[in-house]
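Asker: Please find one structure pasted underneath; my questions will follow.
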Amino acid sequence: MTVLLPPKPILMNMEPTQSPTMRVPAWGTLPPELRLMILEALTQLPRGWSAHASVCKEWQAVLEKNTFRRLKLRVSCLDDMENMISPQRSRLVRHVWLNIELRPYTCRNCHLTESYSWWCANNAVIRSAVRKLFSILSRWPSADGAGLTLELSAQSPSDKEHYFKNLCFGGHGEDEDFEPDDLPGRHSPLSDNLTEYLQHDIKHGWVNSRQVFAPDASAILRMFSEIDLNFKEELPRINAVTRFAIRRQCRRQFSPRTLRYLFDRLPRLRSLVYEPWQCYKRVPTYHYDYEYEKLIESHLPQSLKHLSLFEETNERYIALIREVFLPHGLGPDSIRAASPAVGAALAERSLGLETVSATFIVEARDFFQSCQPDWTWEGLTSLVLTSRMLTSAASHEDVAELLRSAAAAALSMPRLHTMVLWNGIRGTACKFSYRAESGRASIGWRGTWDLGLEEEVVSAWGEVAHKRTGLELGVIHEPRIVESVDCHVHAIALLDLPCGVVDPISLLQMQREAVSSWRESRM
């Protein structure tokens, strides 16, 4: 567990030793507001402050609230967790992150895909850890107020020791390199620790902190091995968890079947953040889309109100894998084609949601084409979708039709204040946005090319604005993006997308990885 209690601190003598005319006020004589400020300042120290909870009950009440707020656990922590976290202390916990460390491997295997026996052994480790954690959390009382977040990740420590030294996997100590104030918005510099670690490993393509050679395609597939868990005994239900997260740093892919089973055991889930990687094998992609459709249709808890889906990808990985495996009838499509059935399933399920963001896993056109005239999104306030149709080469009429169909759906969203349709790939970044706030409504376009909004499009959204605010629609003409767009990561930063499209730490990780990863121009 990340919480370690050092020996009990020694209190300093409050009596002055130098000047008999000066007295240091006793702790109890300070105003309560000042004492609280001092204790909260203490929690900002890098480490060691948790030991001071043993000073007195007042200190314990304040410091333990911060000590137990966020727990990052290894599998080895689970045996002691139940004894350390009493029912009373469990109410202090807001985030439980179980990071599951899998079997290490050597250079003999780092360039190979994971063998079946190795895959089975890793899945057994994950299954055992998840079962133990669910058993513990099932006995926690229902969370109050902000609720409880459960996050899962899994990786081998060897994933970071060979070709992929600069990538983020969620391993022990890794997240400490990211400061909360490092908000995304630009390509972030590498930390000194990371730069030193990347210095020189020519065998795996690293020279002077840069990856100058492409990794093996099989090595790429290894770190994206599937997690498919078959529980022989039913998992217990967890009433305490209200938010569930799997971020893009977990590159191993939880199968939709596994997710179905986990979601069914979280009956009070209100928020879901899921950032899977694109499946890089052709056959599983089609299978995954079918399973995603069923997952969205029937296995998202009825209590769910906030949904963020972000399918991460890497265009350079796709090119490498296609080069090696496409001659054998394997490998992913060069551009991910979202399944219309998944878009239709999300459209219907969104009727009961308040905020929805779906990136690349759903095509906006499929979403709107499946909407029915009698549908009403009573609670939906924010909708953010991607569309591969939004490119400079697309038919102007096709784009206009997409924007009109979005307006038609918005007429049945009485509480909607934000809708964004966007796209971001190498060479392309664009967004269409609608916002209604403070009694005003507006639409706007920003992209790497100018798009004149047709009169019919403006009229359709004008009807939405009048129904929502009773006022005329404003049309915002934003300047064209002139920067060169390297990848979707760069596009996200340039477009200033709404909160919730991708986790802020995930975006920061993406930006740092983009700085040091291999590119064709370096070869």
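Under full-length UniProt numbering, the first residue of the sequence shown carries the number 1, and numbering increases by one thereafter. Every residue, glycine too, gets a C-beta built ideally from N, C-alpha and C.
Could you check if residue 69 is buried or exposed, using at least 16 other CB atoms within 10 Å of its CB as the buried criterion?
Answerer: So residue 69 counts as exposed.
Asker: If you draw a straight line from the alpha carbon of residue 480 to that of residue 422, how long is it in whole angstroms?
Answerer: Rounded to whole angstroms, residue 480 to residue 422 spans 15 Å at the Cα level.
Asker: Taking only three categories from DSSP, how would you classify residue 430?
Answerer: Residue 430: strand per DSSP, three-state reduction.
Asker: Within the continuous beta strand (DSSP E) that includes residue 273, where are the two ends?
Answerer: Taken as a continuous stretch (DSSP letters only), the beta strand (DSSP E) holding residue 273 covers 271-274.
Asker: Excluding the five sequence neighbours on either side, which residues of its own chain have a C-beta within less than 7 Å of the C-beta of residue 367, listed in chain order?
Answerer: Cβ neighbours of residue 367 beyond the five flanking positions: 343, 346, 347, 385.
Asker: Assign residue 490 to one of two classes, buried (16 or more other C-beta atoms within 10 Å of its C-beta) or exposed (fewer than that).
Answerer: Under this definition residue 490 is a buried residue.
Asker: Is it buried or exposed, residue 144, if we count other Cβ atoms within 10 angstroms and call 16 or more buried?
Answerer: Label assigned to residue 144: exposed.
Asker: Please return the same chain residues whose Cβ sits closer than 7 Å to the Cβ of residue 528, not counting the five positions on each side in sequence.
Answerer: Here the chain comprises residues numbered 1 to 523, so residue 528 is not present and cannot be evaluated.
Asker: List the whole-angstrom C-beta distance separating residue 330 from residue 356, where the pair is believed to meet the contact cut-off of C-beta under 8 Å.
Answerer: At roughly 33 Å, the Cβ-Cβ gap does not stay under 8 Å, so residue 330 and residue 356 are not in contact.
Asker: If you reduce the DSSP assignment to three classes, tell me which class residue 149 lands in.
Answerer: Note: residue 149 maps to strand in three-state DSSP.
Asker: Roughly how far, in whole angstroms, is the beta-carbon of residue 269 from the beta-carbon of residue 242, given that I think they are within contact range, below 8 Å?
Answerer: Residue 269 to residue 242, Cβ: 6 Å. Contact.
Asker: Looking at C-alpha atoms only, which residue of 110, 105, 362, 136 is the closest neighbour of residue 121?
Answerer: Looking at the Cα atoms, 105 is the closest of the given residues.
Asker: Report back the beta-carbon spacing between residue 99 and residue 74 to the nearest angstrom; my notes put them in contact at under 8 Å.
Answerer: Confirmed, Cβ separation roughly 6 Å.
Asker: Report the rounded CA-to-CA distance for residue 165 versus residue 158, giving the unit in angstroms.
Answerer: Between residue 165 and residue 158, the C-alpha separation is close to 9 Å.
Asker: How close, in whole Å, do the beta carbons of residue 253 and residue 224 come, if the pair is a contact with beta carbons under 8 Å?
Answerer: Confirmed, Cβ separation roughly 6 Å.
Asker: Tell me which residue opens and which closes the beta strand (DSSP E) that residue 324 is part of.
Answerer: That residue, residue 324, is in no beta strand (DSSP E); its alpha helix (DSSP H) goes 315-325.
Asker: Say whether the segment 209-219 touches the segment 306-322, bearing in mind that this needs 3 or more beta-carbon pairs closer than 8 Å, one atom from each stretch.
Answerer: Yes, they touch.
Asker: Work out the CA separation of residue 419 and residue 432 for me, nearest whole Å.
Answerer: Taking the straight line joining both Cα atoms gives about 8 Å.
Asker: Under 7 Å between the Cβ atoms of residue 240 and residue 140?
Answerer: Yes. Within cutoff.
Asker: Between 129, 317, 351, 439, which has its C-alpha nearest residue 335's C-alpha?
Answerer: Considering only alpha carbons, the answer is 317.
Asker: So residue 257 is in the alpha helix (DSSP H); what residue range does that whole segment cover?
Answerer: Where residue 257 is concerned, the enclosing alpha helix (DSSP H) stretches over 256-264.
Asker: Between residue 301 and residue 266, how many whole angstroms is the CB-CB distance? I'm expecting something under 8 Å.
Answerer: With a Cβ gap of about 6 Å, residue 301 and residue 266 count as contacting.
Asker: Could one say the Cβ of residue 429 lies closer than 7 Å to chain C's Cβ atoms, at least one of them?
Answerer: Any reference to chain C falls outside this structure, which holds one protein chain only.
Asker: Between 290, 375, 428, 464, which has its C-alpha nearest residue 392's C-alpha?
Answerer: Considering only alpha carbons, the answer is 428.
Asker: Going by CA-CA distance only, name the one from 154, 170, 221 that's closest to residue 111.
Answerer: The shortest Cα separation from residue 111 among 154, 170, 221 belongs to 221.
Asker: Tell me, to the nearest whole angstrom, how far the beta carbon of residue 387 is from that of residue 411; I am working on the premise that it is less than 8 Å.
Answerer: Their Cβ separation, rounded to whole angstroms, is 20 Å, which puts residue 387 and residue 411 out of contact at 8 Å.
Asker: To which residues of the same chain is residue 524 closer than 6 Å at the C-beta, ignoring the five residues directly before and after it?
Answerer: Here the chain has residues from 1 to 523 only, and residue 524 is not among them.
Asker: Taking just the CA atoms, how far does residue 209 sit from residue 398?
Answerer: Whole-angstrom Cα-Cα distance: 45 Å.
Asker: Would you mind giving the Cβ-Cβ distance between residue 476 and residue 442, rounded to the nearest angstrom? I have them listed as a contact below 8 Å.
Answerer: Confirmed, Cβ separation roughly 5 Å.
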